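Take a look at the structure below.
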Amino acid sequence: MKKFLLLAIVPLFMGCAELQQIADSLPQEGPAMTNTQIAAGLRQALDFGIEKQVTKLTEENGFWSNELVRIGLPPELQKVDKTLRDLGMSNLADEGLKVLNRAAEDAVKEATPIFVNAVKEITFTDAKNILLGNDTAATTYLSQKTTDPLYAKFNPVITTSLDRVGATQVWTNIINRYNALPLSTDVNPDLADYVTQQALEGVFTMIAVEEKEIRNNFASRTTDLLKRVFALQD
Numbered sequence: 004m005k006k007f008l009l010l011a012i013v014p015l016f017m018g019c020a021e022l023q024q025i026a027d028s029l030p031q032e033g034p035a036m037t038n039t040q041i042a043a044g045l046r047q048a049l050d051f052g053i054e055k056q057v058t059k060l061t062e063e064n065g066f067w068s069n070e071l072v073r074i075g076l077p078p079e080l081q082k083v084d085k086t087l088r089d090l091g092m093s094n095l096a097d098e099g100l101k102v103l104n105r106a107a108e109d110a111v112k113e114a115t116p117i118f119v120n121a122v123k124e125i126t127f128t129d130a131k132n133i134l135l136g137n138d139t140a141a142t143t144y145l146s147q148k149t150t151d152p153l154y155a156k157f158n159p160v161i162t163t164s165l166d167r168v169g170a171t172q173v174w175t176n177i178i179n180r181y182n183a184l185p186l187s188t189d190v191n192p193d194l195a196d197y198v199t200q201q202a203l204e205g206v207f208t209m210i211a212v213e214e215k216e217i218r219n220n221f222a223s224r225t226t227d228l229l230k231r232v233f234a235l236q237d
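Numbering (the numbering used here), first residue to last: 4 to 237.
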């Protein structure tokens, strides 16, 4: 299409010989992509996002060392964190944050099978809509298909992880010390639910990172299929 439009415009300004030189230098369009190939390309892009980005989150400090997805405190506890740091207890505050991120790392290990099943279910209609959508259309599709089953998998793992690494004890200590301060208002958030929601957000954030790369950076299209499919949206 781009070649056609260019050839339609430039004759107004150039001679036939010069026009032919330009035409010869333009990339030749290959055979039309089938719906099956388009769907396969999008599945491959999502698989790459899962393999390259989500796997990193399962490593030690996968969340804690990544500013894009690092889990901070829920609003109810941000004042606790600030108060502790103001009183010189930054180490205690950092310990509390790290155990939340450790729990998320444990939970994400449960994600891959659910993602694999969702990717397999991409239909031809889904594929066309995703390809012509925005920079994170595939990630949005995956989020819509997997958020509920992922939550069901993540939450008990996070609850167990928080207990195993002593997070419950750490936060009980932190909250009790905060609640003992004069003029403080007692807080008691559901940490497991909060960390689960943050872990889900982090997973889709990293898949979106990979999708944007493939859509916007030709060098990130590392297979012939990816190059052909995503050339259709360029």
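Glycine included, every Cβ here is placed at the ideal spot set by N, Cα and C.
Model, not experiment: these values are computed from the prediction.
- Mind listing, in chain order, the continuous alpha helix (DSSP H) runs of no fewer than 4 residues lying wholly within the region 38 to 95? Taking only runs of at least 4 residues, the alpha helix (DSSP H) segments lying wholly in the region 38 to 95 are 38 to 52, 78 to 89.
- Message: Once DSSP output is grouped into helix, strand and coil, what is the label at glycine 33?
- Response: Annotation note: pLDDT 48 at glycine 33 (below 50); position unreliable, no value reported.
- Over the uninterrupted alpha helix (DSSP H) stretch that includes asparagine 132, give me the two end residues. Counted as a single uninterrupted DSSP element, the alpha helix (DSSP H) harbouring asparagine 132 occupies residues 127 to 134.
- Put threonine 199 into one of helix, strand or coil per three-state DSSP. In this structure, threonine 199 counts as helix in the three-state DSSP scheme.
- Item | Integer Cβ distance of alanine 110 from valine 160, believed to fall under 8 Å | That belief holds up - the Cβ atoms of alanine 110 and valine 160 are roughly 4 Å apart, short of 8 Å.
- Message: Short of 7 Å in beta carbon distance, which residues of its chain neighbour tyrosine 154, apart from the five on each side in sequence? Order them along the chain.
- Response: In its chain, beyond the 5 residues on either side, Thr199, Leu203 have a beta carbon closer than 7 Å to the beta carbon of tyrosine 154.
- Task: Taking leucine 100 and leucine 76 to be in contact with their CB atoms under 8 Å, please state how far apart those CB atoms are, rounded to whole angstroms.
- Result: So it is a contact: roughly 7 Å between Cβ atoms.
- Item | Test item: CB-CB of alanine 114 and phenylalanine 66 under 7 Å | Not a contact, by the Cβ cut-off of 7 Å.
- Quick one: residues in its chain with C-beta nearer than 7 Å to the C-beta of lysine 98, no 5 flanking neighbours on either side, listed in chain order? Here residue 98 is glutamate; the residue named in the question, lysine, does not match the sequence. Same-chain partners within the cutoff: Val173.
- Message: Can you check which of these residues, Glu63, Asp237, Leu87, is closest to asparagine 176 by C-alpha distance?
- Response: Taking asparagine 176 as reference, the option from Glu63, Asp237, Leu87 with the minimal CA-CA separation is Leu87.
- Message: With a threshold of 8 Å, are at least 3 pairs of Cβ atoms found where one atom belongs to the region 142 to 153 and the other to the region 55 to 66?
- Response: These segments do not touch.
- Let me know the secondary structure DSSP gives glutamine 147 once reduced to three states. Helix, per DSSP.
- Message: Using C-beta distances below 6 Å, list every residue in its chain close to lysine 273, excluding the 5 sequence neighbours before and after it, in chain order.
- Response: The structure shown does not extend to residue 273, since the chain is modelled only from 4 to 237, so the question has no answer here.
- Item | For glycine 44 and valine 232, believed in contact at Cβ under 8 Å, the rounded distance | Contact flag correct, Cβ pair sits at about 3 Å.
- Helix, strand or coil for asparagine 176, going by three-state DSSP, please let me know. Correct three-state label for asparagine 176: helix.
- Task: Return helix, strand or coil for glutamate 124, following the three-state DSSP convention.
- Result: DSSP places glutamate 124 in coil when its eight states are reduced to three.
- Message: Quick check on the burial criterion: 16 or more other C-beta atoms within 10 angstroms. Buried or exposed for phenylalanine 127?
- Response: Exposed, because fewer than 16 other Cβ atoms sit within 10 Å of the Cβ of phenylalanine 127.
- Query: When DSSP labels each residue in this structure, what does leucine 165 get in the three-state scheme?
  - Reply: In this structure, leucine 165 counts as helix in the three-state DSSP scheme.
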